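Enquirer: Sharing a structure below in C-alpha cells format, with a few things to ask.
2 protein chains.
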Amino acid sequence: MTAIRPVFYVSDGTGITAETIGHSLLTQFNGFSFVTDRMSFVDDVDKAQEAAARIRAAGERYQVRPIVISSCVDSSLGGILEESGALVLDVFAPFIGPLESELNAARHSKVGQAHGMVDFDTYHRRINAMNFALSHDDGIAVNYDEADVVLVAVSRAGKTPTCIYLAMHYGIRAANYPLTEEDLEHDRLPPRLRPYRNKLFGLTIDPERLQQIRQERRPNSRYASAEVCRREVSAAETMFRMERIPTLSTTHTSIEEISSKVLGTLGLQREMY
Amino acid sequence: MTAIRPVFYVSDGTGITAETIGHSLLTQFNGFSFVTDRMSFVDDVDKAQEAAARIRAAGERYQVRPIVISSCVDSSLGGILEESGALVLDVFAPFIGPLESELNAARHSKVGQAHGMVDFDTYHRRINAMNFALSHDDGIAVNYDEADVVLVAVSRAGKTPTCIYLAMHYGIRAANYPLTEEDLEHDRLPPRLRPYRNKLFGLTIDPERLQQIRQERRPNSRYASAEVCRREVSAAETMFRMERIPTLSTTHTSIEEISSKVLGTLGLQREMY
Chain X
1 MTAIRPVFYV SDGTGITAET IGHSLLTQFN GFSFVTDRMS FVDDVDKAQE
51 AAARIRAAGE RYQVRPIVIS SCVDSSLGGI LEESGALVLD VFAPFIGPLE
101 SELNAARHSK VGQAHGMVDF DTYHRRINAM NFALSHDDGI AVNYDEADVV
151 LVAVSRAGKT PTCIYLAMHY GIRAANYPLT EEDLEHDRLP PRLRPYRNKL
201 FGLTIDPERL QQIRQERRPN SRYASAEVCR REVSAAETMF RMERIPTLST
251 THTSIEEISS KVLGTLGLQR EMY
Chain Y
1 MTAIRPVFYV SDGTGITAET IGHSLLTQFN GFSFVTDRMS FVDDVDKAQE
51 AAARIRAAGE RYQVRPIVIS SCVDSSLGGI LEESGALVLD VFAPFIGPLE
101 SELNAARHSK VGQAHGMVDF DTYHRRINAM NFALSHDDGI AVNYDEADVV
151 LVAVSRAGKT PTCIYLAMHY GIRAANYPLT EEDLEHDRLP PRLRPYRNKL
201 FGLTIDPERL QQIRQERRPN SRYASAEVCR REVSAAETMF RMERIPTLST
251 THTSIEEISS KVLGTLGLQR EMY
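These protein sequences, in sequence, are chains X and Y. So that you can map any letter, position 235 of the first sequence is 235 in UniProt numbering, and since no number is skipped, the others follow by simple counting. So that you can map any letter, position 263 of the second sequence is 263 in UniProt numbering, and since no number is skipped, the others follow by simple counting.
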C-alpha cells in the first residue's frame with residue numbers, strides 16, 4: 001500500500017495558480033497517493049500561522065513531511081508556512097528574479113491580481129460571452145453573425161461544454177450547430193451554415209462512445225441505438241471531409257484540449273482568463 | 001509610450017499551466033505592454049524549431065528580447081526554445097529537483113497529463129456536473145437532493161456563471177434558486193429551500209450594478225428599474241441575515257473568487273481540474 005502524502009495549495013488569492021501548477025507537477029510523479037487541501041485567501045500573518053498549524057498537524061497525522069505549493073504574493077507569508085516543517089515550493093519565487101532583471105523593474109506585490117476582477121470591461125466581456133454560449137446552444141433561431149466560432153456536430157458529441165469553456169476562459173463567442181437527421185441526408189453543409197464557413201469547426205466522436213452517452217440520457221431510444229449513432233457519425237464525417245471543415249474527435253480529448261485546438265486552428269489569439 | 005514586449009506560452013500540451021502561471025507573473029509587473037501568443041502541442045523537435053523561429057522573428061520585429069514561459073515536459077525541447085535568444089522560463093524545472101528528492105522518485109515525462117482526459121471516470125463526472133448545472137439553472141422543477149450547493153440570489157446577481165464554473169473546475173453539482181418577488185415578500189427562506197439549509201449560499205450585489213446588468217438585458221423594464229433592484233437586493237439581504245445563510249457580494253468579485261469562497265465556506269474539498 002502506498003503511503004499517503006498530504007499536499008496543500010496555499011494562496012493569498014483564489015489558489016488557482018498554485019493548484020494548476022501543483023496539479024501539473026504531481027501528475028509527473030506516478031504511484032503516489034496525494035491528499036490535497038486548498039487554503040485560499042491566506043493574506044495575513046494570523047491566517048498564515050493558522051495554515052502552518054494545520055499543515056504541521058497533517059504531517060503528524062500521516063507521519064510524513066507535507067508538501068506545500070504556495071502562490072502567496074507576499075513572500076513573508078511563505079516564511080511562516082515553512083515553520084510547519086513542510087517542503088514549501090513557492091511558485092513565483094524562481095521567476096521573479098529573472099523577470100525583474102529582464103524588465104529592469106521591481107515587481108509589485110499586490111494580491112489577487114491574477115484571478116480577481118481587475119479589469120471590469122474584460123470581465124464583463126467574458127460574462128457576456130458565457131451568456132452568448134448559453135443562449136446560442138441549441139441552434140434554433142441563432143444568428144451566427146456575432147459568433148467567433150460555430151461548433152458543428154451531431155447531438156452529444158461535446159459541443160456545449162466546449163462552447164462554455166471557450167467563453168469562460170477566452171471570452172470567445174462560441175455558438176453551436178447540432179446536425180439534424182435531415183442535415184445528414186446530404187453530404188453538404190446545411191444552407192444556414194454556408195455563409196459562416198470560416199468560423200466552423202467540426203467535432204466527431206467514436207460511435208460506440210456516443211451510444212453510451214446517449215444511452216445514459218435516453219435509455220433504449222432510437223436516438224441511442226448503435227445503428228443511428230454509427231450512421232450519424234459517419235454522415236457527419238463525410239460532410240466535414242467534403243466541405244473541408246477542420247475536425248477533431250472528442251472521444252479521448254478533454255474540453256481543454258479541444259478548446260486549445262479550436263483556437264489554434266481558427267487562428268484566434270485570445271488571452272486566457 | 002511603453003515599448004511592446006512579446007511573450008510566448010509554449011507547451012507540449014494545451015499550454016494552460018504555462019499561461020496560468022505566466023499571467024500571474026506578468027500581472028505583478030505594472031506599466032508594461034505585453035503581447036502574448038500561445039503555442040500549444042509543441043511536442044517534437046520540428047515543432048520546437050518552428051516555435052523558436054517565430055519567437056526569434058518577434059524579437060526582431062519588436063527590437064526587444066522576447067519572454068517565453070514554457071511548460072514542455074520534455075526538457076530537451078526547452079533547449080531548442082533557448083536558441084531563439086528569448087528569456088526562457090521553464091515553469092516545472094525549479095520544482096522537479098526538490099520534489100524528486102522529497103519523494104525519492106524520478107518524475108516521468110509523459111506529456112498531456114495535466115489537462116488531458118487521463119482518468120475517464122473523473123472526466124465523465126465533471127461533464128455530468130456541467131450538465132447538472134445547465135439543467136438546474138432556473139429553479140423550476142428542480143430536485144435539490146442531488147445538489148452539492150444551491151446558490152440563492154435575485155435574478156442576474158451572478159448565479160449561473162458561478163454554478164458552471166464550480167461544475168467545470170471542481171465537478172461540483174451546483175444548482176440555482178432565483179428569488180422571486182413573492183419569495184421576497186417574506187424574511188424567511190422559501191419553503192422549498194428549507195430542507196437544504198446546509199447547502200445554501202447567498203449571492204448579493206450592489207443595486208446600482210444590478211440595475212446596469214438588467215438594463216442591458218431588458219432595457220427600461222420594471223425589472224431593470226432602480227427601485228425594483230434596490231428593493232429586491234435589500235429584501236434578499238435581510239432574508240440571508242435572518243436565516244444566517246453565508247453570503248457574498250459579487251459586485252467586485254470574479255467567478256473564480258466566488259467559487260473559491262463557496263468551496264471554503266461550505267467545506268467542500270474537491271480537486272480542481
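We put the CB at the ideal spot given by N, CA and C, even for glycine. The model shown is predicted, which means the values in this text are computed figures rather than measured ones.
Do I21 (chain Y) and V91 (chain Y) count as a contact pair if the criterion is CB distance below 8 Å?
Expert: Going by C-beta atoms, V91 (chain Y) is nearer than 8 Å to I21 (chain Y).
Enquirer: Classify P190 (chain X) as helix, strand or coil using the three-state DSSP reduction.
Expert: P190 (chain X) falls in the coil class under three-state DSSP.
Enquirer: Under the rule that 16 or more other beta-carbon atoms within 10 Å means buried, what is I69 (chain X), buried or exposed?
Expert: That one is buried.
Enquirer: Quick check on the burial criterion: 16 or more other C-beta atoms within 10 angstroms. Buried or exposed for I140 (chain Y)?
Expert: Label assigned to I140 (chain Y): exposed.
Enquirer: Would you kindly work out how many angstroms separate the C-alpha atoms of I127 (chain Y) and S101 (chain X), rounded to a whole number?
Expert: If I take the Cα positions, the gap works out to 44 Å.
Enquirer: If L203 (chain Y) sits next to L151 (chain Y), beta carbons under 8 Å apart, how far is it from one beta carbon to the other, in whole angstroms?
Expert: L203 (chain Y) to L151 (chain Y), Cβ: 6 Å. Contact.
Enquirer: Please list, in chain order, the residues of the stretch 73-88 of chain X that have any C-beta partner in chain C closer than 9 Å.
Expert: Although the question refers to chain C, the structure presented lacks it and instead comprises the protein chains X and Y.
Enquirer: Please state the DSSP three-state secondary structure of T36 (chain X).
Expert: Residue state, collapsed to three classes: strand.
Enquirer: Using 8 Å as the limit for Cβ to Cβ distance, is E208 (chain X) near chain Y?
Expert: For E208 (chain X), the answer is no, since every Cβ of chain Y falls outside 8 Å of its Cβ.
Enquirer: Answer yes or no: do R173 (chain X) and F240 (chain X) have a C-beta to C-beta separation smaller than 8 Å?
Expert: No, the pair does not count as a contact, with Cβ atoms beyond the cut-off.
Enquirer: Closest to E185 (chain Y) by C-alpha separation, out of Y:F29, Y:F41, Y:E232 and Y:K47, would be which residue?
Expert: For E185 (chain Y), the nearest C-alpha among the options comes from Y:E232.
Enquirer: Out of X:F32, X:D43, X:R156 and X:L210, state which residue places its alpha-carbon closest to the alpha-carbon of A105 (chain Y).
Expert: With distances taken between Cα atoms, A105 (chain Y) lies closest to X:F32.
Enquirer: Let's test the definition: count the other Cβ atoms within 10 Å of the Cβ of R38 (chain Y) and tell me whether it reaches 16, buried, or not, exposed.
Expert: Per the 10 Å Cβ criterion, buried.
Enquirer: Kindly list the residues whose CB is nearer than 6 Å to the CB of E243 (chain Y), restricted to its own chain and excluding five residues on each side of it in sequence; keep chain order.
Expert: Around E243 (chain Y): L189.
Enquirer: Under a Cβ-count criterion, where at least 16 other Cβ atoms within 10 Å of its own Cβ denotes burial, should H136 (chain X) be classed as buried or exposed?
Expert: Buried, by the Cβ-count rule.
Enquirer: Starting from the Cα of T14 (chain X), find the closest Cα among Y:Y273, Y:E256, Y:C163 and Y:T247 and give me that residue.
Expert: Ranking Y:Y273, Y:E256, Y:C163 and Y:T247 by Cα distance to T14 (chain X) puts Y:E256 first.
Enquirer: Within the same chain, show all residues whose beta-carbon is closer than 7 Å to that of E208 (chain X), passing over the 5 residues directly before and after it, in chain order.
Expert: Answer for E208 (chain X): no residue qualifies.
Enquirer: Could you name the residues that DSSP lists as bridge partners for T204 (chain Y)?
Expert: DSSP, once it has assigned bridges, lists Y:S249 as partnering T204 (chain Y).
Enquirer: Compute the Euclidean distance between the alpha carbons of S76 (chain Y) and R197 (chain Y), then round it to the nearest angstrom.
Expert: Cα to Cα, S76 (chain Y) sits roughly 54 Å from R197 (chain Y).
Enquirer: Which residue comes first and which comes last in the alpha helix (DSSP H) that contains D46 (chain Y)?
Expert: Where D46 (chain Y) is concerned, the enclosing alpha helix (DSSP H) stretches over V45 to Y62.
Enquirer: Taking DSSP as the reference, what is the three-state secondary structure of V73 (chain Y)?
Expert: Coil.
Enquirer: Could you name the residues of chain Y that V91 (chain X) contacts, counting a contact when the two beta carbons are closer than 7 Å?
Expert: Within 7 Å Cβ-Cβ: I21.
Enquirer: So, is the C-beta of T238 (chain X) closer than 8 Å to a C-beta in chain Y?
Expert: Closer than 8 Å: no.
Enquirer: Would you say F8 (chain Y) lies against chain X (beta-carbon separation less than 8 Å)?
Expert: So, not an interface residue.
Enquirer: Tell me, please, whether the CB atom of residue 277 (chain X) is closer than 8 Å to any CB atom in chain Y?
Expert: One cannot answer for residue 277 (chain X) here, as it falls past the ends of chain X, which runs 1 to 273.
Enquirer: In whole angstroms, give me the CA-to-CA distance for residue 290 (chain X) and K110 (chain X).
Expert: Residue 290 (chain X) lies beyond the range of chain X shown here (1 to 273); nothing can be said about it.
Enquirer: If you count every other CB in all the chains shown that lies within 10 Å of the CB of H23 (chain Y), and 16 or more means buried, which is it?
Expert: The residue in question, H23 (chain Y), is buried, as its Cβ has 16 or more Cβ neighbours within 10 Å.
Enquirer: Anything in chain X within Cβ reach of R65 (chain Y), meaning under 8 Å, just list it in chain order.
Expert: Near R65 (chain Y) (Cβ distances below 8 Å), the residues of chain X are E102.
Enquirer: Just the C-alpha distance for L103 (chain X) and G85 (chain X), rounded to the nearest angstrom, thanks.
Expert: Spanning the two alpha carbons is a distance of roughly 35 Å.
Enquirer: Going by C-alpha to C-alpha distance, which of X:G267, X:P191 and X:D12 sits closest to A48 (chain X)?
Expert: Closest by alpha carbon: X:D12.
Enquirer: For F95 (chain X), count the other beta carbons within 10 Å of its own beta carbon; 16 or more makes it buried, fewer makes it exposed. Which is it?
Expert: It is buried - the Cβ of F95 (chain X) has at least 16 other Cβ atoms within 10 Å.
Enquirer: Helix, strand or coil for V154 (chain X) per DSSP?
Expert: If DSSP states are grouped into helix, strand and coil, V154 (chain X) belongs with coil.
Enquirer: Does any residue of chain X bring its CB to less than 8 Å from the CB of A105 (chain Y)?
Expert: Yes - at least one Cβ of chain X is within 8 Å of the one on A105 (chain Y).
Enquirer: Residues in the stretch 205-232 of chain Y with C-beta within 7 Å of chain X's C-beta atoms, listed in sequence order?
Expert: Going along the stretch 205-232 of chain Y in chain order, one finds no residue with a Cβ nearer than 7 Å to chain X.
Enquirer: Does DSSP classify L89 (chain Y) as helix, strand or coil?
Expert: Residue state, collapsed to three classes: strand.
Enquirer: Use the C-beta contact count for H169 (chain Y): other C-beta atoms within 10 angstroms, 16 or more gives buried, fewer gives exposed.
Expert: Answer is buried; the Cβ neighbour count reaches 16.
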